[in-house]
Amino acid sequence: MRTLVLMCSVLTLAACSQGASDEESARIIDILEISAGQAAADIGAGSGDYSAVMAEAAGSAGHVYATEIDVGSLASMRDRFATSGNVTVVEAQVNATGLDPGCCDAVLMRNVFHHLTESDAVVSDIYENLRPGGRFLVVDFDPTWVLSLWTPEGHDAHGTTLDTVRGAGTSAGFRVERVFDEWDRPGLEGLLMNHHATLLVKD
Ligand SMILES: C[S@@+](CC[C@H](N)C(=O)[O-])C[C@H]1O[C@@H](n2cnc3c(N)ncnc32)[C@H](O)[C@@H]1O
1355 MRTLVLMCSV LTLAACSQGA SDEESARIID ILEISAGQAA ADIGAGSGDY SAVMAEAAGS
1415 AGHVYATEID VGSLASMRDR FATSGNVTVV EAQVNATGLD PGCCDAVLMR NVFHHLTESD
1475 AVVSDIYENL RPGGRFLVVD FDPTWVLSLW TPEGHDAHGT TLDTVRGAGT SAGFRVERVF
1535 DEWDRPGLEG LLMNHHATLL VKD
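If you want it as structure tokens, here you go:
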């Protein structure tokens, strides 16, 4: 059994390390309504794959802030976006995004919520980072045994529920605009984990 868990986990991590999928990228840009000239943030950007997608949609008149807490990811994103012109890499804290109030029209948090140890503080900060009418998309997956070997520190399980995301969002002042019970992911990730997404709006 342990070998099976290990094999599935390795396969899943391999699937997770693929770059941004074209189909999911298009869906994210569409739902967040990112267009030329807008400012957006990618919270917990990792390698920056989705920050790059958002930067392309925002264009040279727009801007993307790619935040991270991990020093290795911060360094590699600084290299990656050194000549981009419209991406700024920002160091986050466990309880704060590191972004200015009213900096953004749209915020993406993809596969990060379940890592947060101070989710209420971070979601409240994102509420402040957004301008009125701003959109905040949280993509995550239900707690799963497949990734149990990598359960983030301070958590009981790897993953989070829609209810948890919804609760954090409404407590911070957001309105729930749309809920996606199922969020298609290509490959093994889609097979092994049930992804979901929540679109929150600051009125
Ligand atoms: C599974 S990765 C997701 C990366 C990327 N968003 C993606 O979808 O490919 C989770 C990332 O969240 C980052 N992270 C965890 N807590 C964070 C926080 N409080 N602020 C910013 N980033 C955080 C981790 O360092 C890690 O790179």
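Our numbering numbers the first residue of the sequence shown as 1355 and each following residue consecutively. We treat Cβ as the ideally placed atom computed from N, Cα and C, and that holds for glycine.
Three-way DSSP call (helix, strand, coil) for GLU1536 in this model:
If you number the sequence shown from 1, residue 1536 lands on position 182. If DSSP states are grouped into helix, strand and coil, GLU1536 belongs with coil.
Among the candidates GLN1447, LEU1386, THR1498, MET1463, whose CA atom is the shortest distance from the CA of ALA1511?
Position 157 of the sequence shown, counted from the start, is the residue given in the question as residue 1511. Considering only alpha carbons, the answer is THR1498.
Please classify ASP1403: does DSSP put it in a helix, a strand, or coil?
What you label residue 1403 is simply residue 49 of the sequence shown in a count that begins at 1. ASP1403 falls in the helix class under three-state DSSP.
Boundaries (first-last residue) of the alpha helix (DSSP H) holding LEU1546:
If you number the sequence shown from 1, residue 1546 lands on position 192. Looking at the DSSP string, the run of the alpha helix (DSSP H) that includes LEU1546 is 1541-1546.
Per DSSP, which residues does TYR1419 bridge with? Please list them.
Stepping through the sequence shown from its first residue, residue 1419 is reached at position 65. TYR1419 is bridged to ALA1395, THR1442.
Are the beta-carbon atoms of ARG1485 and ASP1459 separated by less than 8 Å?
Taking the sequence shown and counting its residues from 1, one reaches residue 1485 at position 131. Taking the sequence shown and counting its residues from 1, one reaches residue 1459 at position 105. It is a contact, given that the beta carbons lie within the stated cut-off.
Beta-carbon spacing of VAL1448, GLU1422 below 8 Å
In the sequence shown, residue 1448 corresponds to position 94, counting from 1. In the sequence shown, residue 1422 corresponds to position 68, counting from 1. No.
Can the beta-carbon of ALA1526 be found closer than 8 Å to that of TYR1481?
The sequence position of residue 1526 within the sequence shown is 172, counting from 1. The sequence position of residue 1481 within the sequence shown is 127, counting from 1. Closer than 8 Å, so yes.
Consult DSSP for HIS1469 and reduce its assignment to one of helix, strand or coil.
As a first step, residue 1469 must be located in the sequence shown, where it is residue number 115. Three-state result, HIS1469: helix.
In the DSSP output, what is GLY1458 paired with across the bridge?
The sequence position of residue 1458 within the sequence shown is 104, counting from 1. With the sequence shown as reference, residue 1458 is identified as Cys, and Gly is not the correct amino acid for it. DSSP output for CYS1458 lists LEU1484 as bridge partner(s).
So does HIS1417 have its beta carbon nearer than 7 Å to some heavy atom of ligand 1?
Numbered from 1 along the sequence shown, position 63 holds the residue referred to as residue 1417. No - ligand 1 has no heavy atom lying nearer than 7 Å to the Cβ of HIS1417.
May I ask you to list the residues that DSSP assigns as paired with LEU1554?
By one-based count along the sequence shown, residue 1554 stands at place 200. For LEU1554, which the question treats as bridged, DSSP gives the partners PHE1490, VAL1530.
Backbone secondary structure at ALA1374 - three-state DSSP:
As a working mapping, residue 1374 is identified with position 20 in the sequence shown. In this structure, ALA1374 counts as coil in the three-state DSSP scheme.
Integer Cβ distance of ASP1396 from VAL1418, believed to fall under 8 Å
Taking the first residue of the sequence shown as 1, we reach residue 1396 at position 42. Taking the first residue of the sequence shown as 1, we reach residue 1418 at position 64. So it is a contact: roughly 6 Å between Cβ atoms.
Specify, as a first and last residue, the run of the alpha helix (DSSP H) that ASP1433 falls within.
Counting from 1 along the sequence shown, the entry for residue 1433 is found at position 79. Segment 1425-1434, the alpha helix (DSSP H) holding ASP1433.
Compute the distance between the beta-carbons of SER1405 and GLY1439, then report whether it is under 8 Å.
Indexing the sequence shown from 1 puts residue 1405 at position 51. Indexing the sequence shown from 1 puts residue 1439 at position 85. For SER1405 and GLY1439, no; Cβs fall outside 8 Å.
Other residues of its chain near ILE1388: CB distance less than 7 Å, five sequence neighbours each side excluded:
Residue mapping note: residue 1388 aligns to position 34 of the sequence shown, counting from 1. Answer for ILE1388: ALA1394, MET1408, ALA1411, ALA1412, ALA1460, listed in chain order.
Local conformation of ALA1450 per DSSP, three classes
The residue given as residue 1450 occupies position 96 in the sequence shown. ALA1450: strand per DSSP, three-state reduction.
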